[in-house]
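Read the structure below first, then the notes.
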Amino acid sequence: MSIAIPSSLVQNGTGIPDVCSRHGQPAALRKPVKFWSKPPVWSYFLIAFGALPFLIVTLVIRKEVRAEAWPFCPECAKLHKNRLIIGIGLMLLFPLSIAVGGSFGDAGPVLILVALVLAFIGLILQSRGTYRVLPWGFTSRDGSTVDFPKAHPQFVAAAQAAYAQAAQQYAAWQASQQGGHGQLPAPYQAPQM
Ligand SMILES: [Zn+2]
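Just so you know, the sequence shown maps onto residues 28 to 220 in our numbering.
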């Protein structure tokens, strides 16, 4: 399931549920997480001009939404640990293959090349296990929402409940503000986001 949570509710924490987005399990730990927008398709053409122009442009146009305490369940923590250990293990094969490659004769270069490929896979695996990437959330291009394209149904339900509660609190706050000016409380209104 997918859900888009208003960025303001991710930043102030009121729109963040108590379950993780991957497994829908209750949070066992909370970590600060930065959600980034995906680079637009055209930016990849800049790679033809080198990695630096691509990096500069994506950094400049990237939208960032920061959550102070994002929920992670024990499954998430296990996933993080496993990907980190296996990823680093695969990456270490490369320097190891260089150290021992010479004693394998003609097979040495092949061994080093295979180790390089495995090290690259390890790098990707390790990066996919970071607490920033594990929730699989992306800030929208205009920065107004954080989108979760593959969220657990339990997370979606909890996020909707958190949103409804935040909207209610906002309406109550708005009513109290207007009440302070001697006006009638405003009817329930969804926040403008
Ligand atoms: Zn989880």
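By construction, the Cβ of each residue, glycine as well, lies at the ideal position given by its N, Cα and C atoms.
For Lys-58, which residues of its own chain have a beta-carbon under 8 Å away from its beta-carbon, when the five flanking residues on both sides are left out?
The residue you call residue 58 lines up with position 31 of the sequence shown. Same-chain partners within the cutoff: Ala-96, Trp-97, Phe-99, Tyr-158.
Buried or exposed: which applies to Leu-140, given that a residue is buried once 16 or more other Cβ atoms fall within 10 Å of its Cβ?
Along the sequence shown, read from residue 1 onward, the residue named residue 140 stands at position 113. Exposed, by the Cβ-count rule.
Have a look at Arg-155 and Val-173 and give me their C-alpha separation to the nearest angstrom.
Mapped onto the sequence shown, residue 155 falls at position 128. Mapped onto the sequence shown, residue 173 falls at position 146. If I take the Cα positions, the gap works out to 18 Å.
Near ligand 2: Arg-49 beta-carbon under 6 Å from a heavy atom
This structure lacks ligand 2; the ligands present are ligand 1.
Which of helix, strand or coil does DSSP assign to Ser-171?
Along the sequence shown, one-based indexing puts residue 171 at 144. DSSP places Ser-171 in coil when its eight states are reduced to three.
Please classify Ser-64 as buried or exposed, where buried requires at least 16 other C-beta atoms within 10 Å of its C-beta.
For the purposes of this step, residue 64 is taken as residue 37 along the sequence shown, with counting starting at 1. That one is buried.
Cut-off 6 Å between Cβ atoms - residues of its own chain near Ser-35, not counting five sequence neighbours on either side
Numbered from its first residue, the sequence shown carries residue 35 at position 8. There are no such residues.
In terms of residues, what are the limits of the alpha helix (DSSP H) holding Phe-81?
Position 54 of the sequence shown, counting from 1, holds the residue named residue 81. Residues 78-88.
Residues near Pro-44 in its chain [Cβ-Cβ closer than 8 Å; skip 5 each side]
Your numbering for residue 44 matches position 17 in the sequence shown. Result list for Pro-44: Pro-98, Phe-182, Ala-185, Ala-186, Ala-188, Ala-189, in chain order.
From the DSSP output, read off the bridge partner residues of Leu-56.
Here residue 56 is taken as the residue at index 29 of the sequence shown, counted from 1. Answer is Phe-99, bridged to Leu-56.
Tell me the DSSP bridge mates of Trp-63?
For the purposes of this step, residue 63 is taken as the residue at position 36 of the sequence shown. Per DSSP, Glu-91.
Please classify Val-37: does DSSP put it in a helix, a strand, or coil?
Taking the sequence shown and counting its residues from 1, the one referred to as residue 37 is at position 10. Looking at Val-37 - three-state DSSP - the assignment turns out to be helix.
Determine the extent of the alpha helix (DSSP H) in which Leu-73 is found, giving its start and end residues.
As a working note, residue 73 is residue 46 in the sequence shown. Taken as a continuous stretch (DSSP letters only), Leu-73 belongs to no alpha helix (DSSP H), as it is neither H nor E.
Measuring from the CB of Gln-52, is there a heavy atom of ligand 1 at a distance below 6 Å?
Sequence index remark: in the sequence shown, residue 52 carries index 25 (1-based). Yes, ligand 1 has a heavy atom inside 6 Å of this Cβ.
Let's test the definition: count the other Cβ atoms within 10 Å of the Cβ of Phe-76 and tell me whether it reaches 16, buried, or not, exposed.
As a first step, residue 76 is located in the sequence shown; it is residue number 49 there, counting from the start. It counts as exposed.
Measure the Cβ-Cβ separation of Thr-85 and Pro-101 and say whether it is below 7 Å.
On the sequence shown, position 58 is the one that residue 85 refers to. On the sequence shown, position 74 is the one that residue 101 refers to. No, the pair does not count as a contact, with Cβ atoms beyond the cut-off.
Tell whether a beta-carbon distance below 7 Å holds between Ala-94 and Val-46.
Translated into the one-based positions of the sequence shown, residue 94 becomes position 67. Translated into the one-based positions of the sequence shown, residue 46 becomes position 19. Cβ distance not < 7 Å, so Ala-94 and Val-46 don't count as in contact.
DSSP on Ala-126, reduced to helix/strand/coil?
Taking the first residue of the sequence shown as position 1, residue 126 is located at position 99. In this structure, Ala-126 counts as helix in the three-state DSSP scheme.
Would the beta-carbon of Glu-91 be found less than 6 Å away from any heavy atom of ligand 1?
Numbered from its first residue, the sequence shown carries residue 91 at position 64. False, no ligand heavy atom lies under 6 Å from that Cβ.
Could you check whether the Cβ of Glu-102 sits closer than 6 Å to any heavy atom belonging to ligand 1?
Translated into positions along the sequence shown, residue 102 becomes position 75. Yes, the beta carbon of Glu-102 sits closer than 6 Å to at least one heavy atom of ligand 1.
Considering only DSSP beta bridges, list what Phe-165 is partnered with.
Against the sequence shown, residue 165 aligns to sequence position 138. Note: Phe-165 sits in a beta bridge opposite Asp-174.
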